[in-house]
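Below is one structure; the comments refer to it alone.
Number of protein chains: 2
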Amino acid sequence: MKTYLDCIPCFFRQALSASREADADEILQKRVLDEISREIPKISYSLSPAYMSRIVYRAIRKITGVVDPFKKEKVKSNKLALKLYPQLKERIRRAKEPLEEATKLAILGNTIDFGIGDSFNLEKELNSEGNFPIFDYEEFKKFLKKNTKILYIADNCGETVFDRLLIEEMGKGVIYAVRSAPIINDATIEDAKFCGIDKIAKLIPSGSPISGTPLELCSQEFLSFFNQSSFIISKGQGNFETLSEANRPIFFLLKAKCSIVARELNCKIGDMILKYNHR
Amino acid sequence: MKTYLDCIPCFFRQALSASREADADEILQKRVLDEISREIPKISYSLSPAYMSRIVYRAIRKITGVVDPFKKEKVKSNKLALKLYPQLKERIRRAKEPLEEATKLAILGNTIDFGIGDSFNLEKELNSEGNFPIFDYEEFKKFLKKNTKILYIADNCGETVFDRLLIEEMGKGVIYAVRSAPIINDATIEDAKFCGIDKIAKLIPSGSPISGTPLELCSQEFLSFFNQSSFIISKGQGNFETLSEANRPIFFLLKAKCSIVARELNCKIGDMILKYNHR
Numbered sequence: 001m002k003t004y005l006d007c008i009p010c011f012f013r014q015a016l017s018a019s020r021e022a023d024a025d026e027i028l029q030k031r032v033l034d035e036i037s038r039e040i041p042k043i044s045y046s047l048s049p050a051y052m053s054r055i056v057y058r059a060i061r062k063i064t065g066v067v068d069p070f071k072k073e074k075v076k077s078n079k080l081a082l083k084l085y086p087q088l089k090e091r092i093r094r095a096k097e098p099l100e101e102a103t104k105l106a107i108l109g110n111t112i113d114f115g116i117g118d119s120f121n122l123e124k125e126l127n128s129e130g131n132f133p134i135f136d137y138e139e140f141k142k143f144l145k146k147n148t149k150i151l152y153i154a155d156n157c158g159e160t161v162f163d164r165l166l167i168e169e170m171g172k173g174v175i176y177a178v179r180s181a182p183i184i185n186d187a188t189i190e191d192a193k194f195c196g197i198d199k200i201a202k203l204i205p206s207g208s209p210i211s212g213t214p215l216e217l218c219s220q221e222f223l224s225f226f227n228q229s230s231f232i233i234s235k236g237q238g239n240f241e242t243l244s245e246a247n248r249p250i251f252f253l254l255k256a257k258c259s260i261v262a263r264e265l266n267c268k269i270g271d272m273i274l275k276y277n278h279r
Numbered sequence: 001m002k003t004y005l006d007c008i009p010c011f012f013r014q015a016l017s018a019s020r021e022a023d024a025d026e027i028l029q030k031r032v033l034d035e036i037s038r039e040i041p042k043i044s045y046s047l048s049p050a051y052m053s054r055i056v057y058r059a060i061r062k063i064t065g066v067v068d069p070f071k072k073e074k075v076k077s078n079k080l081a082l083k084l085y086p087q088l089k090e091r092i093r094r095a096k097e098p099l100e101e102a103t104k105l106a107i108l109g110n111t112i113d114f115g116i117g118d119s120f121n122l123e124k125e126l127n128s129e130g131n132f133p134i135f136d137y138e139e140f141k142k143f144l145k146k147n148t149k150i151l152y153i154a155d156n157c158g159e160t161v162f163d164r165l166l167i168e169e170m171g172k173g174v175i176y177a178v179r180s181a182p183i184i185n186d187a188t189i190e191d192a193k194f195c196g197i198d199k200i201a202k203l204i205p206s207g208s209p210i211s212g213t214p215l216e217l218c219s220q221e222f223l224s225f226f227n228q229s230s231f232i233i234s235k236g237q238g239n240f241e242t243l244s245e246a247n248r249p250i251f252f253l254l255k256a257k258c259s260i261v262a263r264e265l266n267c268k269i270g271d272m273i274l275k276y277n278h279r
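For the protein sequence lines, the chains are A and B, in the order given.
For the first sequence, position 23 (counting from the first letter as 1) is numbered 23 according to full-length UniProt numbering, and the numbering increases by one without interruption.
For the second sequence, position 211 (counting from the first letter as 1) is numbered 211 according to full-length UniProt numbering, and the numbering increases by one without interruption.
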């Protein structure tokens, strides 16, 4: 997915929100926005919006010295999700179709996000039915039944606990790939371990330092899993933005959080998506 | 009111929306955003956000050649409001307190706006009660009873018809000031005449070429009315942004359309305001 002009205001909004998370004062916040202003005329719109997270976080690092602005929020969401784990496990156990319930929960878990929008209400989201206008569940079940080599690409902290529930329900060997460096509230190796993923899946860093999975920046190890696995599960917008044109069987599980991604998926903002990529 | 860092994303959003109204293609839209990016590091945050409309529209004019991007929309809102005039007049006539009803309608009319937010639903707004958490109506009635020299500073096209209804109800001589050049969907002399204001008030241009009333850019004629009138009625956010610190008795009538103005007024986005400025 390419970057649209409509993404520009959003980059500034994200930069401001992350600068504030980094405890930057107004003078530093302004310097971050000015730095991004200077980058805007140079950006390539053929790259996905997730690439811009790199420019935004590079500016924040350079100007505030803070490498991981959402550190505190990340720990908080990991803990919150772990606390929910037993009741979600029970909810899946009691469901008519436990795998379907676990799949829906994994998508609902994508609600946890500090990148797009200012806040999220996970508990409210979990108590609602959720709107699933695109839900290629039969296809997903078929792929799962037939195959063993599965690559699962993570998105946010806290959400990893929801991924764990789905992986446990899938009952197959899974490679679980996370970002190689802190960016927004995306999960890294440390977060995935904290959420217990290493006990049920092989955990690897993808090599990606941005909020998505741009193949040209990924590690050789990741790429060999990406190319050789039977199919791929991709969580969240950043991964969708970077992988929507990849020539592999991918199931995209995400909440559509902005008008541009919603338009790309032909759905509404807030919709929950399980989309099989037919390429 | 000064400009906040939170206004920056909004300037880009406004620039994009106005470029599209000007029928600019994607290449020109990008050039407009790039031009604004180059201006961002130079702007003075001590000026009100309304000043930025000047930078935005200057860029649009320079790059697209279009002087009045919202021309069509402006004519449409003037016509829509004129069509509503008879039923609104009747609604005021039937009200228990006609002046109060006319005042509320004048505030509800501020819903018409192409600057902030992407769309508005005037008819829905007119059928709702509206939330008026700040409504200094008793003060307004007192001022109106005691005084004759009133300056009324207009905001948007279409909204001028709602102003006309209030001025008719006030039953006093009024100077009605409009922008001196087209900006966003703000009313100019031509629009005010189209809406019939010239039949009930003395119509003057304020001298302001921006979406507000910055006194240092206003004409001598306007300033003499501003300084000598008994009190001032100021419509909309742009006028509030530029006049909130003016040392004159002003009644601000507006809908709070963004989080920054809502914070400044200690109200919520969407709230309808009649605020007496006690300076």
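The beta-carbon is built from N, C-alpha and C at its ideal position, and this holds for glycine as well.
Contiguous alpha helix (DSSP H) assignments of at least 4 residues, all confined to the stretch 84-115 of chain B | 98-108
Terminal residues of the continuous alpha helix (DSSP H) containing MET170 of chain B?
-> In the DSSP annotation of this structure, the continuous segment of the alpha helix (DSSP H) that includes MET170 of chain B starts and ends at 159-170.
Three-pair Cβ contact test at 8 Å for the stretch 70-82 of chain B versus the stretch 153-166 of chain B = yes
State the DSSP-derived secondary structure class of ASP25 of chain B, mapped to helix, strand or coil.
-> coil
Counting Cβ pairs, one atom from each stretch, are 3 or more of them under 8 Å apart for the stretch 118-133 of chain A and the stretch 210-220 of chain A?
-> Not touching, per the Cβ criterion.
The alpha helix (DSSP H) enclosing ASN239 of chain A, as first and last residue numbers = 236-243
Taking the runs of the alpha helix (DSSP H) that are 4 residues or longer, which of them lie wholly in the stretch 165-232 of chain A?
-> 189-194, 220-228
Any idea if ASP118 of chain B is buried or exposed, counting beta-carbon neighbours within 10 angstroms, 16 or more meaning buried?
-> Unreliable positioning characterises ASP118 of chain B in this predicted model, as indicated by a pLDDT of 45, which lies under 50. A coordinate reading is not provided.
Chain-ordered neighbours of LEU5 of chain B on chain A, where CB pairs are closer than 8 Å = LEU16, GLU26, GLN29, LYS30, LEU33
Assuming ILE167 of chain A and ALA201 of chain A make a contact with CB atoms under 8 Å, what is their CB distance in whole Å?
-> 6 Å
Thinking C-alpha only, which one of B:ASP136, B:THR111, B:PHE135, B:ILE134 is nearest LYS124 of chain B?
-> B:THR111
Cut-off 7 Å between Cβ atoms - residues of its own chain near ASN239 of chain B, not counting five sequence neighbours on either side | Residues of the same chain with a CB within less than 7 Å of the CB of ASN239 of chain B, apart from the 5 flanking positions on each side, are ILE153, ASP155, GLY212, THR213 in chain order.
Could you check where the beta strand (DSSP E) with LYS255 of chain B kicks off and where it finishes?
-> 250-255
Does PRO41 of chain B get closer than 8 Å to chain A when you measure Cβ to Cβ?
-> yes
Short check: CB of ILE134 of chain B to CB of LEU265 of chain B, under 8 Å?
-> yes
So, does the CB of SER37 of chain A fall closer than 8 Å to a CB anywhere in chain B?
-> Chain B contact via Cβ: present.
Determine whether the Cβ of PRO9 of chain A lies closer than 8 Å to any Cβ atom of chain B.
-> yes
Express the C-alpha separation of GLY196 of chain A and VAL186 of chain B in angstroms, rounding to a whole number.
-> The sequence given here places Asp at residue 186 of chain B; Val does not occur at that position. Taking the straight line from one Cα to the other gives about 58 Å.
Which of the three DSSP states, helix, strand or coil, is assigned to TYR45 of chain A?
-> coil
Outcome for ASN78 of chain A when other beta-carbon atoms lying within 10 angstroms are tallied against a minimum of 16 | buried
Assigned secondary structure, PHE135 of chain B (DSSP; H/G/I helix, E/B strand, else coil) = Here PHE135 of chain B sits in strand by DSSP.
Alpha-carbon spacing of LEU165 of chain A relative to CYS218 of chain A, whole angstroms = 26 Å
State buried or exposed for GLY109 of chain A, treating a residue as buried only when at least 16 other CB atoms are found within 10 Å of its CB.
-> buried
CB contact check: ARG54 of chain B to chain D, cutoff 8 Å | Within the model displayed, chain D is absent; protein chains A and B are what it includes.
Using DSSP with H/G/I as helix, E/B as strand and the rest coil, what is ASP118 of chain A?
-> At ASP118 of chain A the pLDDT is 45, less than 50, meaning the model places this residue with poor confidence and gives no usable figure here.
What in chain B is Cβ-close to ARG263 of chain A, meaning under 7 Å?
-> Against chain B, the beta carbon of ARG263 of chain A has no neighbour under 7 Å; the closest one sits roughly 14 Å away.
Cβ-based contacts, 7 Å cut-off: residues of the stretch 58-90 of chain B near chain A = none
Within the chosen definition, does the stretch 17-33 of chain A reach the stretch 13-24 of chain B through at least 3 CB pairs nearer than 8 Å?
-> no
Please classify LYS83 of chain B: is it buried, with 16 or more other beta-carbons within 10 angstroms of its beta-carbon, or exposed?
-> exposed
Are the beta-carbon atoms belonging to PHE225 of chain A and LEU151 of chain A less than 8 Å from one another?
-> yes
Name the one or two DSSP bridge partners that ASN266 of chain A has.
-> In the DSSP output, where bridge partners are listed per residue, ASN266 of chain A has none listed.
Assign TYR51 of chain A to one of three DSSP states: helix, strand, or coil.
-> helix
Pairwise C-alpha distance: LYS275 of chain A and ILE269 of chain A = Inter-residue distance for ILE269 of chain A and LYS275 of chain A is about 15 Å (C-alpha atoms, whole angstroms).
Using a C-beta cutoff of 8 Å, does ILE13 of chain A count as contacting chain B?
-> Looking at the sequence shown, residue 13 of chain A is not Ile but Arg. It does: the Cβ of ARG13 of chain A has a partner Cβ on chain B nearer than 8 Å.
Secondary structure at TYR276 of chain B, three-state DSSP: helix, strand or coil?
-> strand
Report whether the distance from the Cβ of LYS145 of chain B to the nearest heavy atom of the ligand GDP is below 7 Å.
-> Within the structure as shown, the ligand GDP is missing, as the structure has no ligands at all.
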